[in-house]
């Protein structure tokens, strides 16, 4: 049976149209906005400003000191995002790994515990943030408990250090289940006879973990780290509801800076927001390429086996 | 027969598709969509008055779309910029949206134009692009005045007399501190997190907000007021989470703190009277006190919400007719009376408005009305300034950062000035 050359395009057309309309055209528009200035929304009413928006964002005495930058909040948000990505990803992957290893053992109520750790993933980020806001606000549950044991209440969301800690903690709590699940699948794919052989050789549990589990889980771990890193760089919704980016700019992340600059502030600087989003896109492209490289390396490794 | 059936089916399908794709087909030509946000019952009262308008003007239907305040502030400007949006909207950025407004003048008779000019003389300029603009664009549905609410019960319990009509901000803070100490109330005062509420403090301490050429500036009066306010926060007299707990210029009120008896005084405005009456009266006695003073005088910030006609409407004459109907003394007076708002119309104010509220709320409304003549010129100038939000925004964001301990007050003030300058320049492009 012969198929016309245009038949695949016929079936692909709906998806191609949707992707062009809602992905590629907005990307092209974003490029246009990044090189235009003013506060008008209509592209035809926006004067071209060349690379001014980028130079405004990049104008800094020292990139390590946001207060020396013209757009100090932008650089503060970049450093916040970097700090958050490092802490949140490393701690979350560590806890997810520990949880997966424990849940992979024959413990009582294993199915129940797997459900418990996965449950927060099912919640909307806004719901997660609201629940924790009620717990952490000045008159929240946590302070009520502290007062009950004669301890001083703490402004968990109004002190910069604590606010950052809780943003990281809540995010780990909400997303860890997803990564635990991926790692659990990886653990279950490790052949049981390897552990039996290790037992016969009287290998300690620590040696089994470091010589069998971790090396064989490494491909999954790398994918988890990169995926978590991409999600961490995109962090917005739950933090926006939980702290609004405050106190000050202590929990303002890059996506929130872009959103506020382009859509919330009374005088909307669409050009600056578009330029910022292109810079964020660069970071995400780099991370995505890393993930592709890792999965290709993993496939190549499987082929060699 | 089969052909007929097929044709009938395809005709029905086409009509259904057209109705789905072009919902406007099913809407009458003179349907007016009014996008309305509400502080209390403003949209419902407008809907009631609109029914009388519809009865008097068969063929015109008023559809009130009730939306949250956030939609008016964040979504409506984007809709309008994209050439979309309602025929009429209830807005608070009175000057900032000027380029989208419909000038009602050509659709009003000479007599009605005069009535608008006479009755709304003090607020018509707030909607205009500049001194050369003489258009009539909107009807103030709610004239607001900022002011201080106090927990009278706490003052009585502490046996501290309330400062008088000429008391300064410092006098109020000192008295509030005595009350807080005596009654073990955690904080003295809180102010809504917005540059709008900060403006009366700044003007009372000498800020003019504009230089001789009319350009917005951060002057010594502003700096003095900023120092006072940040110091109050740092001294623990004001709960720091209100201004310091959020990022950017996000708005936050402190009503809950006041209603829960956690602060002695609350700086907000006349639009909270109904909410106070409904939620606070049952808990304790409260009062709105005369505008706190400073070396430059006793002042408050005017403001409010207004119905404006929008240029994109396909029925400009009907829009003008409906807004004119709302502005007529009987209707306007009814709107003020039922929504417990201060009238912007001189004739209605002169005739007096009957408020059907509790004695506490009535006394508060009278106190706010008495503050109106005291308002100093810089506050009126700032309210009428087209880019006043470019002043309010960095005030909340940067003073919030100073209060959170993220930067010094001096740095925050430099940032307020540079943010303001950047936004004014961007808006001029």
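Residue numbers (this note's numbering), protein chains in the order written: chain X, 26 to 330; chain B, 242 to 670. Glycine included, C-beta positions come from ideal geometry on N, C-alpha and C. Predicted model only: the values in this text are computed from it and were never measured.
Cutoff 7 Å: residue 42 (chain X) Cβ touching any chain B Cβ: Within the first chain, the letter at position 17 stands for residue 42 (chain X). Not an interface residue.
Contact the segment 179–190 of chain X vs the segment 240–251 of chain X: 3+ CB pairs below 8 Å: no
Beta strand (DSSP E) segment containing residue 547 (chain B), residue limits: To locate residue 547 (chain B), count along the second chain from 1; it is residue 306. Per DSSP, residue 547 (chain B) belongs to the beta strand (DSSP E) from 543–550.
Chain-order list of residues whose beta-carbon lies under 7 Å from that of residue 467 (chain B) (same chain, five-residue window excluded): As a working note, residue 467 (chain B) is residue 226 in the second chain. Answer for residue 467 (chain B): 640, 650, 654, listed in chain order.
Close Cβ partners of residue 264 (chain B) (< 8 Å) along its chain, the five nearest in sequence each way excluded: By 1-based counting over the second chain, the position of residue 264 (chain B) is 23. Note on residue 264 (chain B): pLDDT 44, under 50, position unreliable in the model; no value is reported.
Assigned secondary structure, residue 272 (chain B) (DSSP; H/G/I helix, E/B strand, else coil): Position 31 of the second chain holds residue 272 (chain B). Of the three classes helix, strand and coil, the one that applies to residue 272 (chain B) here is strand, per DSSP.
For residue 59 (chain X), the nearest candidate out of X:233, X:299, X:320 (CA to CA): For this step, residue 59 (chain X) is matched to residue 34 along the first chain. Answer by Cα proximity: X:299.
One or two residues paired with residue 457 (chain B) in a DSSP bridge: In the second chain, counting from the first residue as 1, residue 457 (chain B) sits at position 216. Paired residues: B:451.
Anticipated Cβ contact below 8 Å, residue 348 (chain B) with residue 558 (chain B), distance rounded: Here residue 348 (chain B) corresponds to residue number 107 of the second chain, with the count starting at 1. Here residue 558 (chain B) corresponds to residue number 317 of the second chain, with the count starting at 1. That belief holds up - the Cβ atoms of residue 348 (chain B) and residue 558 (chain B) are roughly 5 Å apart, short of 8 Å.
Start-end ranges of the alpha helix (DSSP H) lying completely within the segment 54–134 of chain X, minimum 4 residues: 77–83, 97–128
Whole-number beta carbon distance between residue 377 (chain B) and residue 345 (chain B), since they are thought to touch under 8 Å: On the second chain, residue 345 (chain B) is found 104 positions in, with the first residue counted as 1. On the second chain, residue 377 (chain B) is found 136 positions in, with the first residue counted as 1. Going by Cβ atoms, the distance from residue 345 (chain B) to residue 377 (chain B) rounds to 5 Å, so yes, they are a contact pair.
Nearest-angstrom Cα separation, counted from residue 574 (chain B) out to residue 276 (chain B): By one-based count along the second chain, residue 276 (chain B) stands at place 35. By one-based count along the second chain, residue 574 (chain B) stands at place 333. Answer to the nearest angstrom: the Cα atoms are 22 Å apart.
Residue 125 (chain X) burial status per 10 Å Cβ neighbour count (16 or more: buried): Locating residue 125 (chain X) in the first chain gives position 100, where the first residue counts as 1. Result: buried.
Exposure of residue 587 (chain B), with buried meaning 16 or more beta-carbon neighbours within 10 Å: Here the question's residue 587 (chain B) lines up with position 346 in the second chain. Classification for residue 587 (chain B): exposed.
Exposed unless 16 or more other CB atoms sit within 10 angstroms - verdict on residue 189 (chain X): By 1-based counting over the first chain, the position of residue 189 (chain X) is 164. Classification for residue 189 (chain X): buried.
Touching by the beta-carbon criterion (3+ pairs, under 8 Å), the segment 158–170 of chain X and the segment 204–212 of chain X: no
When B:499, B:410, B:531, B:532 are compared against residue 522 (chain B), the one with the closest alpha-carbon: In the second chain, counting from the first residue as 1, residue 522 (chain B) sits at position 281. The candidate whose alpha carbon is nearest that of residue 522 (chain B) is B:499.
Cβ pair residue 609 (chain B), residue 511 (chain B) closer than 7 Å: Translated into positions along the second chain, residue 609 (chain B) becomes position 368. Translated into positions along the second chain, residue 511 (chain B) becomes position 270. Contact flag set, yes.
Residues bridged to residue 577 (chain B) (per DSSP): As a position in the second chain, residue 577 (chain B) is number 336, starting the count at 1. Paired residue(s): none; residue 577 (chain B) is not in a bridge.
CA-to-CA distance, residue 36 (chain X) to residue 66 (chain X), given in whole angstroms: Against the first chain, residue 66 (chain X) aligns to sequence position 41. Against the first chain, residue 36 (chain X) aligns to sequence position 11. Between residue 66 (chain X) and residue 36 (chain X), the C-alpha separation is close to 36 Å.
Presumed contact (8 Å Cβ cut-off) between residue 304 (chain B) and residue 294 (chain B), rounded CB distance: By one-based count along the second chain, residue 304 (chain B) stands at place 63. By one-based count along the second chain, residue 294 (chain B) stands at place 53. Not a contact, Cβ separation roughly 12 Å.
Given 8 Å, three or more beta-carbon pairs between the segment 98–110 of chain X and the segment 264–283 of chain X: yes
Cutoff 7 Å: residue 250 (chain X) Cβ touching any chain B Cβ: Along the first chain, read from residue 1 onward, the residue named residue 250 (chain X) stands at position 225. With 7 Å as the cut-off, residue 250 (chain X) does not count as an interface residue toward chain B.
Beta bridge counterpart(s) of residue 302 (chain B) as assigned by DSSP: Within the second chain, numbered from 1, the residue matching residue 302 (chain B) stands at position 61. Paired residue(s): B:272.
The segment 424–444 of chain B / the segment 473–480 of chain B touching (three or more Cβ pairs under 8 Å): yes
Which of helix, strand or coil DSSP assigns to residue 385 (chain B): What you label residue 385 (chain B) is simply residue 144 of the second chain in a count that begins at 1. Strand, per DSSP.
Buried versus exposed, by CB contacts within 10 Å (16 or more), residue 418 (chain B): Translated into positions along the second chain, residue 418 (chain B) becomes position 177. Per the 10 Å Cβ criterion, buried.
Neighbourhood of residue 39 (chain X) by C-beta distance below 6 Å, restricted to the same chain and skipping five residues each side: Here the question's residue 39 (chain X) lines up with position 14 in the first chain. Closer than 6 Å at the Cβ level, and outside the excluded window around residue 39 (chain X), lies no residue.
Between the CA atoms of residue 96 (chain X) and residue 80 (chain X) - distance to the nearest angstrom: As a working mapping, residue 80 (chain X) is identified with position 55 in the first chain. As a working mapping, residue 96 (chain X) is identified with position 71 in the first chain. Looking at the two C-alpha atoms, the distance is approximately 10 Å.
Nearest neighbour of residue 142 (chain X), chosen from X:90, X:202, X:231, X:177 [CA to CA]: As a working note, residue 142 (chain X) is residue 117 in the first chain. Of X:90, X:202, X:231, X:177, the residue nearest in Cα terms is X:202.
Runs of alpha helix (DSSP H) lying entirely within the segment 224–309 of chain X, each at least 4 residues, in chain order: 230–233, 239–258, 262–267, 279–284
Other residues of its chain near residue 589 (chain B): CB distance less than 6 Å, five sequence neighbours each side excluded: For the purposes of this step, residue 589 (chain B) is identified with residue 348 of the second chain, where counting begins at 1. Answer for residue 589 (chain B): 570, 573, 574, listed in chain order.
Burial state of residue 231 (chain X), where buried means 16 or more other Cβ atoms lie within 10 Å: Within the first chain, the letter at position 206 stands for residue 231 (chain X). Exposed is the call here.
Contact the segment 389–404 of chain B vs the segment 524–544 of chain B: 3+ CB pairs below 8 Å: yes
Beta-carbon spacing of residue 386 (chain B), residue 612 (chain B) below 7 Å: One-based indexing of the second chain puts residue 386 (chain B) at position 145. One-based indexing of the second chain puts residue 612 (chain B) at position 371. Yes, Cβ-Cβ distance for residue 386 (chain B) and residue 612 (chain B) is below 7 Å.
Min CB distance residue 476 (chain B) to chain X below 7 Å: As a working mapping, residue 476 (chain B) is identified with position 235 in the second chain. No, residue 476 (chain B) does not count as interfacial toward chain X.
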